[in-house]
Amino acid sequence: MERVADQTVQELLSTILPWFDRENAFICDSARTDLGARLAVASALLESGKAQEGALLLQSIATALPTGDSEQDAARIRARMEMAYLLMDEMKYDEAENLLWEARKEYAQVPELEFLREEISQLIAQCRFGQGFILEAVERAEEIVHKLNSLHADNARLAKAYQYLAWFLLHKTDVPQALVHMKKAMELAPGLDRELVDAGFAAEKNNDYEKALESYFDAIQYE
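Using our numbering, the first residue of the sequence shown is number 4, and each one after it goes up by one.
Here you go:
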């Protein structure tokens with residue numbers, strides 16, 4: 004991924020400054036030099052539908068050089084993950100995977116990140132799956148589940164790990180194990196859409212296991 008010229012960033016921030024109210028304009032000004040503030044601005048732009056501008060700011064953070072400042076470098080790692088999500092939505096799994104590997108390599112150098120390295124690994128597994136490497140995705144997902152259990156990770160993180168392991172196993176055509184892991188994910192999940200759970204139960208009763216797993220997957224809620 005190409006680095007974004009500083010002049011381009013400065014011009015973009017000048018353009019979008021009027022989009023912010025007086026109370027939040029200082030964040031936009033801070034984003035000229037502070038990567039954490041720039042990440043906040045990028046997130047706000049993406050949430051408001053300004054996809055092109057938000058993605059450009061994310062790219063400028065993700066491709067920035069290391070600073071040696073833990074907060075700035077933490078923003079770089081978070082931006083790489085957010086950029087990877089955008090690339091995965093566009094099915095550019097190889098580009099997303101490259102960013103994620105860079106984030107994973109730098110993870111240990113930045114203290115007090117709010118996510119685990121295994122969560123980066125989980126996204127890498129999704130990228131491998133997206134590129135058609137099903138067996139590798141399953142192996143990575145199994146390792147992540149094992150590691151998160153050994154770390155006594157919280158239920159939400161474990162639920163997501165089991166959820167994707169089950170999804171990968173479905174596409175490996177190991178339906179019995181896929182159901183076991185998906186139901187484990189449902190037990191651990193912070194929330195469930197009851198209508199989708201009931202639809203899954205009905206499909207499973209009719210031996211339509213693929214439809215059941217799809218319903219269970221969509222039923223899991225994290226917010």
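Yeah, the Cβ is synthetic: ideal placement off N, Cα and C, and Gly gets one too.
Per DSSP, cross-strand counterpart(s) of residue i
i      : result
Leu195 : Ile223
Cα-Cα separation between residue i and residue j, rounded to whole angstroms
i      : j      : result
Ile123 : Arg79  : 14 Å
Ala169 : Arg143 : 12 Å
Val183 : Leu48  : 40 Å
Glu115 : Arg160 : 17 Å
Asp177 : Asp32  : 53 Å
Gln166 : Asp196 : 15 Å
Ala77  : Gln129 : 22 Å
Lys175 : Gln13  : 48 Å
Glu145 : Leu103 : 19 Å
Leu216 : Pro21  : 47 Å
Ala99  : Glu85  : 10 Å
Glu213 : Ala164 : 19 Å
Val113 : Ser73  : 6 Å
Asn230 : Lys53  : Residue coverage of the chain in this structure runs from 4 to 226, which leaves residue 230 outside it and unanswerable.
Arg83  : Gly71  : 17 Å
Phe29  : Asp221 : 39 Å
Gln57  : Leu89  : In the sequence under discussion, the amino acid at residue 57 is Gly, which differs from the Gln named in the question. Approximately 10 Å between the Cα atoms of the pair.
Asn2   : Asp97  : The question about residue 2 has no answer, for the chain in this structure spans 4 to 226.
Leu26  : Met91  : Just to set this straight, residue 26 is Glu in the shown sequence, not Leu. About 34 Å.
Assigned secondary structure, residue i (DSSP; H/G/I helix, E/B strand, else coil)
i      : result
Ala34  : coil
Leu89  : helix
Asp97  : helix
Pro21  : helix
Lys53  : coil
Ala67  : coil
Phe118 : coil
Asp72  : coil
Ala8   : coil
Val44  : helix
Glu26  : coil
Val200 : helix
C-beta neighbour in chain C for residue i, strict 8 Å
i     : result
Asp76 : The chain inventory of the structure shown lacks chain C, comprising one protein chain alone.
Proximity to residue i [Cα-Cα], best of the options
i      : options                        : result
Leu61  : Asp37, Gly71, Asp72            : Asp37
Val141 : Glu109, Gln224, Leu68, Leu126  : Leu126
Ala106 : Phe132, Glu146, Glu145, Ile64  : Ile64
Asn101 : Ala156, Asp9, Phe29, Met4      : Met4
Ala202 : Tyr110, Met189, Ser218         : Ser218
Met189 : Lys53, Lys150, Ile223          : Ile223
Ala192 : Asn158, Leu173, Phe220, Asp221 : Asn158
Ala87  : Arg131, Asp72, Pro69           : Arg131
Leu154 : Pro179, Phe136, Arg120, Leu173 : Arg120
Lys95  : Val200, Gly133, Thr66, Arg81   : Gly133
Lys75  : Lys187, Tyr110, Ser51, His149  : The residue asked about is misnamed: residue 75 is Gln in this sequence, not Lys. The option with the nearest alpha carbon to Gln75 is Tyr110.
Glu117 : Glu139, Arg35, Arg81           : Arg81
Exercise. What are the uninterrupted segments assigned as beta strand (DSSP E) that are 3 or more residues long and contained completely in the region 121 to 192, given in chain order?
Worked result: Runs of the beta strand (DSSP E) inside the region 121 to 192: none found.
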